[in-house]
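> Residue numbers (the numbering used here): 5 to 294.
Even for Gly, the Cβ is constructed at its ideal location relative to N, Cα and C.
There's a structure below that I have some questions on.
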């Protein structure tokens with residue numbers, strides 16, 4: 005049974021979590037939301053008959069469909085119309101030539117393999133970085149119509165309700181998300197060793213297959229933490245801001261916050277993040293040739 009101080013803390017956390025958005029959405033975030041919803045419409049229409057999709061394999065276990073391309077084109081059209089001088093880094097079309105201080109980082113369909121199998125765990129991810137720092141973020145789950153948003157310094161939200169990371173202190177009680185390295189499997193054996201070690205340390209591991217949505221779940225307290233290697237900036241840019249604005253921490257396996265282009269990530273509430281870093285640190289590939 006909870007004592008009075010614990011009950012008060014729980015009630016304060018619940019009040020924050022249920023608090024609606026008080027300030028108007030930042031104009032750039034509002035544009036990103038418009039783009040994400042447009043991409044979601046394209047994805048939802050295609051999800052009605054995934055057997056008709058034209059699927060191309062970019063490399064081993066890495067697929068792209070015409071839906072990825074159409075969703076990305078729709079996103080870029082909306083963003084470019086609003087901000088013609090901004091740069092773009094997108095999963096399918098790559099980087100645009102731009103000297104702008106603003107860079108949109110886009111994954112039009114994170115979880116393509118899930119999508120083409122009709123497994124409803126995928127999302128649209130859009131982030132805006134200013135001088136290398138992510139300032140706006142949208143992760144949109146079109147299957148559930150869940151919209152996760154954040155602006156730097158303004159908190160993280162799920163469908164206009166404030167969200168916070170979980171309050172569980174012990175990794176032994178934690179539900180942790182992860183992802184297997186699927187593009188380059190040269191380090192799979194080492195990863196399975198890490199997977200085994202983390203399994204023993206936490207209450208449960210989950211591997212749904214959409215890193216951006218996994219990070220949104222950390223921000224919402226659905227996961228206590230998340231880790232993955234072999235990932236790209238568009239997989240984690242938006243989710244990273246959601247996590248930090250929800251009170252969590254994020255970095256590479258050594259705990260360094262300069263993680264965006266380092267292809268490994270760990271995120272979680274502050275207590276469990278620190279415990280995860282202790283396990284993950286020996287497995288870091290940052291600074292190696294691998």
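Enumerate in chain order the residues of its own chain whose CB-to-CB distance from residue 218 is below 6 Å, with the five nearest sequence positions on each side excluded.
In its chain, beyond the 5 residues on either side, 181 and 230 have a beta carbon closer than 6 Å to the beta carbon of residue 218.
> Given this structure, state the Cα-to-Cα distance separating residue 281 from residue 268, to the nearest angstrom.
Distance between the alpha carbons of residue 281 and residue 268 is about 12 Å.
> Checking 9 Å against the spacing of the C-beta atoms, do residue 264 and residue 141 come in under that value?
In this structure, residue 141 does not lie closer than 9 Å to residue 264 by Cβ.
> Any heavy atom of the ligand ZN within a distance shorter than 8 Å of the CB on residue 103?
Absence of the ligand ZN from the depicted structure is noted, as is the absence of any ligand whatsoever, leaving it without description.
> Short check: CB of residue 236 to CB of residue 95, under 9 Å?
yes
> If you count every other CB in all the chains shown that lies within 10 Å of the CB of residue 137, and 16 or more means buried, which is it?
exposed
> Rounding to the nearest angstrom, what Cα-Cα distance links residue 176 and residue 290 in this structure?
27 Å
> Using a threshold of 9 Å, state whether the C-beta atoms of residue 158 and residue 27 are closer than that.
Residue 158 is a Cβ neighbour of residue 27, given a cutoff of 9 Å.
> Cα-Cα, which of 226, 274 and 116 is closest to residue 208?
226
> In this structure, does DSSP put residue 254 in helix, strand or coil?
strand
> What span of residues does the alpha helix (DSSP H) with residue 142 cover, start to end?
Note, residue 142: premise wrong, no alpha helix (DSSP H); beta strand (DSSP E) at 137 to 145.
> Ignoring anything shorter than 4 residues or poking outside the segment 81 to 155, list the alpha helix (DSSP H) runs there in chain order.
116 to 120
> One question on the structure: do residue 200 and residue 276 come within less than 9 Å of each other, judged by their Cβ atoms?
no
> Is the segment 97 to 111 touching the segment 125 to 135, taking contact as three or more C-beta pairs under 8 Å?
yes
> According to DSSP, is residue 276 part of a helix, a strand, or is it coil?
helix
> Who are the Cβ neighbours of residue 247 in its own chain at under 6 Å, not counting the five residues just before and after it?
Annotation for residue 247: 219, 222, 223, 254 and 271 place their beta carbon closer than 6 Å to its own, counting only its chain and skipping 5 residues before and after.
> According to the neighbour-count rule (16 or more other Cβ atoms, all chains shown, within 10 Å of its Cβ), is residue 193 buried or exposed?
exposed
> For residue 284, count neighbouring Cβ atoms within 10 angstroms of its own Cβ and tell me buried if that reaches 16, exposed if not.
buried
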